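Taken in sequence, the protein lines are chains W and Z.
Those letters in the first sequence? Residues 1 to 259, by our numbering.
Those letters in the second sequence? Residues 1 to 314, by our numbering.
For every residue, glycine included, the Cβ atom is placed at its ideal position computed from N, Cα and C.
In this text, all values refer to a predicted model and were calculated from it rather than measured experimentally.
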Amino acid sequence: MSEDRMLDVRDVTLRFGGVTALDGVSFHIDRGEILGLIGPNGAGKTTCFNVMTGVYQPTSGSVVFDGRKLGRRKKHQITRLGIARTFQNIRLFPEMTALENVMVGADARHRTSVLSALFRLPRHRREEREGRERALALLDLVGVAHRAEETARNLPYGDQRRLEIARALATGPKLLCLDEPAAGFNPAEKAKLLELIRRIRDDGYTVLLIEHDMRLVMGVTDRIVVLEFGKKIAEGAPAEIRDNPAVIAAYLGVPEDAA
Amino acid sequence: MQFLLDNFWDLSVTGLTQGAIYALIALGYTLVYGVLRLINFAHSEVFVTGTFASIFVLHAFGLGSDDPVPSAGMVVLYIAAAAVGAMVASAATALVVERVAYRPLRRRNAPPLVFLISAIGASFAISEAFGVLVDRNNVRVPNLIEPQTQFHLFGASVNNRQLLIVAAAIVMMLCLDQFIRRTRLGRGIRAVSQDPDSAALMGVNKDRVIALTFILGGLMAGGAAVLYDLQFGVTRFNAGFVLGIKAFTAAVLGGIGNLRGALLGGLLLGLMENYGSAIIGSEWRDVVAFVFLIVVLMFRPTGILGESLGKARA
Chain W
1 MSEDRMLDVR DVTLRFGGVT ALDGVSFHID RGEILGLIGP NGAGKTTCFN VMTGVYQPTS
61 GSVVFDGRKL GRRKKHQITR LGIARTFQNI RLFPEMTALE NVMVGADARH RTSVLSALFR
121 LPRHRREERE GRERALALLD LVGVAHRAEE TARNLPYGDQ RRLEIARALA TGPKLLCLDE
181 PAAGFNPAEK AKLLELIRRI RDDGYTVLLI EHDMRLVMGV TDRIVVLEFG KKIAEGAPAE
241 IRDNPAVIAA YLGVPEDAA
Chain Z
1 MQFLLDNFWD LSVTGLTQGA IYALIALGYT LVYGVLRLIN FAHSEVFVTG TFASIFVLHA
61 FGLGSDDPVP SAGMVVLYIA AAAVGAMVAS AATALVVERV AYRPLRRRNA PPLVFLISAI
121 GASFAISEAF GVLVDRNNVR VPNLIEPQTQ FHLFGASVNN RQLLIVAAAI VMMLCLDQFI
181 RRTRLGRGIR AVSQDPDSAA LMGVNKDRVI ALTFILGGLM AGGAAVLYDL QFGVTRFNAG
241 FVLGIKAFTA AVLGGIGNLR GALLGGLLLG LMENYGSAII GSEWRDVVAF VFLIVVLMFR
301 PTGILGESLG KARA
């Protein structure tokens, strides 16, 4: 396998009782690329995310991340391997401040023991300070730094979405998975988000993007994988996908508002 | 009624002392509830373990139940040693309960009712273990403090034992509050209590957070156990039953899952019990406590400060 392979989804099938949510799906993500994962509602995009982040175990097939099989690893272990995600419906810690939300993500990297936290030993204090600085830098990157001390629940919708991205980045991922980050955004916000995603990639992260907004997907991704009814129906560069008859039938034919 | 008015401040001091112990135990219920949405009914026995552990420590120092009070310097040492022993024993018991009675069920996704049965089973098992292995009668605590009035507050006399109990309880609660609010592990506890799944996806190890929560509750219960021993001078294998229910009541009263609610609920419950039993007789003490709970819940179903560990911002 090439050194450039970040993630390999190999022939993954997932069944819930009689329902087949994913049916032999295979695709890969190369290091440093932005891959778009698209498809009509219910095509299995979020389910695919859930398999990659350990929420579900595939019925058959495997996911290999950075040369290691995910196997039966738990969610927090997969996070520590280097996969981070945001959620389609915002899942912040509502009663914590924006800064604290991001610090929870940063905590995944820390090593202090219970005792050193209890007695606030130098190591714990140093890690707290570093975590705080890192969190502030990430808040700045996504443009929420001016609201660092506000409770997440009280942030405007767009800031909550961007805060989720900062929190995911704080875990120090190699692969960042964004689940419809532009949902509910106006065109100006979408344009800024596009820029942010590019900047994140330029900072050395690999990005997997689930998105409905075709202009956003076409504008930012290097490659696109299309799912329909749990199967992969197409894969290729944005221009190829745009002209693919199967994709047009399955997806692009549907008006954006209904999608 | 006249008795209440004549002795209002004395009753308040006694009530606050009693309430401080309730509050420390209530924290254990509330912490675990906040993270697991589970009432750990074995928490009363986590407390009882502490009351016995501190007596064992004192016995190990050669103190007997009928010995006179030692010199002041030694008393400080003895109480500190008993406190460490009780807190370690209670925390260890809490951790064992979580490992044996709850974690295996969680692994198998058992429904909530099963946890409840398991909790009650663990509670009986630990209580009876003390009854069988130690004593089924009252076990006396060596004398460590001779209550002496230190000063008067609005005409009420405040003694050294009451001062110690309230001060120790406050210090422990402040430490817990700071820990939950300011440390990485405290943040992990709050994250799990607000959204367990996304906490796991942010790299929080849920099993570790749960274990830590039980340990913290155990430490508070151990502290309460030493104070209880000092206050009442006696413990019993089933001493946790009524006290556990009272502390649970205190937690619900303040808003379960809410740390400051546990404090408020504990103190209020201690006060109300004392005022109530002054009015209608001390045999009605427990009735007063539960009637007070019911009345409060009628108007504030989620307790005085409301539910949720996260919302309290620790």
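Whether residue i touches residue j by CB criterion (8 Å)
i                      : j                      : result
residue 91 of chain Z  : residue 266 of chain Z : no
residue 145 of chain Z : residue 226 of chain Z : no
residue 236 of chain W : residue 224 of chain W : yes
residue 264 of chain W : residue 132 of chain W : Because chain W spans 1 through 259 in this model, residue 264 of chain W falls outside it and cannot be assessed.
residue 84 of chain W  : residue 206 of chain W : no
residue 34 of chain W  : residue 222 of chain W : yes
residue 26 of chain Z  : residue 289 of chain Z : no
residue 274 of chain Z : residue 15 of chain Z  : yes
residue 248 of chain Z : residue 130 of chain Z : no
residue 126 of chain Z : residue 42 of chain Z  : yes
residue 305 of chain Z : residue 261 of chain Z : yes
residue 4 of chain W   : residue 174 of chain W : no
residue 101 of chain W : residue 152 of chain W : yes
residue 92 of chain W  : residue 164 of chain W : yes
residue 232 of chain W : residue 25 of chain W  : yes
residue 234 of chain Z : residue 140 of chain Z : yes
residue 183 of chain Z : residue 28 of chain W  : no
residue 246 of chain Z : residue 268 of chain Z : no
Neighbourhood of residue i by C-beta, 7 Å cutoff - its chain only, sequence neighbours within 5 removed
i                      : result
residue 209 of chain Z : 35, 188, 189, 192
residue 193 of chain W : 181, 182, 185
residue 14 of chain W  : 21, 22, 47, 51, 56, 58, 59
residue 161 of chain W : 90, 181
residue 195 of chain W : none
residue 332 of chain Z : Since the first residue of chain Z shown is 1 and the last is 314, residue 332 of chain Z is not available in this structure.
residue 257 of chain W : Residue placement at residue 257 of chain W is flagged as unreliable, the pLDDT there being 49, under the threshold of 50; a coordinate-derived value is accordingly withheld.
residue 150 of chain Z : 158, 159, 160, 163
Other residues of its chain near residue i: CB distance less than 6 Å, five sequence neighbours each side excluded
i                      : result
residue 49 of chain Z  : 89, 90, 93
residue 145 of chain W : 139
residue 64 of chain W  : 8
residue 69 of chain W  : 62
residue 213 of chain W : 182
residue 143 of chain Z : 69
Extent of the continuous alpha helix (DSSP H) to which residue i belongs
i                      : result
residue 291 of chain Z : 285-299
residue 228 of chain W : Counting along the chain, residue 228 of chain W falls outside any alpha helix (DSSP H), though it belongs to the beta strand (DSSP E) covering 223-228.
residue 180 of chain Z : 160-182
residue 124 of chain W : 122-142
residue 36 of chain Z  : 8-36
residue 202 of chain W : 187-202
residue 168 of chain W : 157-170
residue 70 of chain Z  : From DSSP, residue 70 of chain Z is part of no alpha helix (DSSP H); its letter is neither H nor E.
residue 219 of chain W : 214-220
residue 245 of chain Z : 240-254
residue 196 of chain Z : 196-201
residue 47 of chain W  : 45-52
Sequence-distant residues of its chain with Cβ nearer than 8 Å to residue i (five each side left out)
i                      : result
residue 314 of chain Z : With a pLDDT of 37 at residue 314 of chain Z, under the threshold of 50, the modelled position of that residue is not reliable, and no figure is offered here.
residue 217 of chain W : 36, 38, 209, 211, 224, 238
residue 56 of chain Z  : 85
residue 53 of chain W  : 75, 78, 79, 83, 85, 177
residue 148 of chain Z : 159, 160
residue 230 of chain Z : 79, 141, 144, 145, 161, 164, 165
Element boundaries [beta strand (DSSP E), containing residue i]
i                      : result
residue 108 of chain Z : Careful: residue 108 of chain Z lies outside any beta strand (DSSP E) and carries neither H nor E.
residue 8 of chain W   : 5-16
residue 149 of chain Z : 149-153
residue 62 of chain W  : 60-65
Residues bridged to residue i (per DSSP)
i                      : result
residue 92 of chain Z  : Per DSSP, none; premise fails for residue 92 of chain Z.
residue 235 of chain W : W/225
residue 177 of chain W : W/85, W/208
residue 320 of chain Z : Any question about residue 320 of chain Z goes unanswered here, given that chain Z covers just 1 to 314.
residue 34 of chain W  : W/207
residue 322 of chain Z : Past the boundaries of the shown model lies residue 322 of chain Z; chain Z is included only from 1 to 314, so the question cannot be answered.
residue 157 of chain Z : Z/152
residue 75 of chain Z  : None; residue 75 of chain Z has no bridge partner.
residue 97 of chain W  : W/151
residue 69 of chain W  : W/64
residue 235 of chain Z : Z/139
residue 25 of chain W  : W/12
Proximity test, residue i beta-carbon vs the ligand GDP heavy atom, cut-off 7 Å
i                      : result
residue 157 of chain Z : This structure lacks the ligand GDP; in fact it carries no ligand of any kind.
Contact belief for residue i with residue j at Cβ below 8 Å, rounded distance in angstroms
i                      : j                      : result
residue 11 of chain Z  : residue 4 of chain Z   : 7 Å
residue 167 of chain Z : residue 23 of chain Z  : Contact flag wrong, Cβ pair sits at about 13 Å.
residue 302 of chain Z : residue 255 of chain Z : 6 Å
residue 253 of chain Z : residue 293 of chain Z : 6 Å
residue 33 of chain Z  : residue 257 of chain Z : 5 Å
residue 58 of chain Z  : residue 78 of chain Z  : 6 Å
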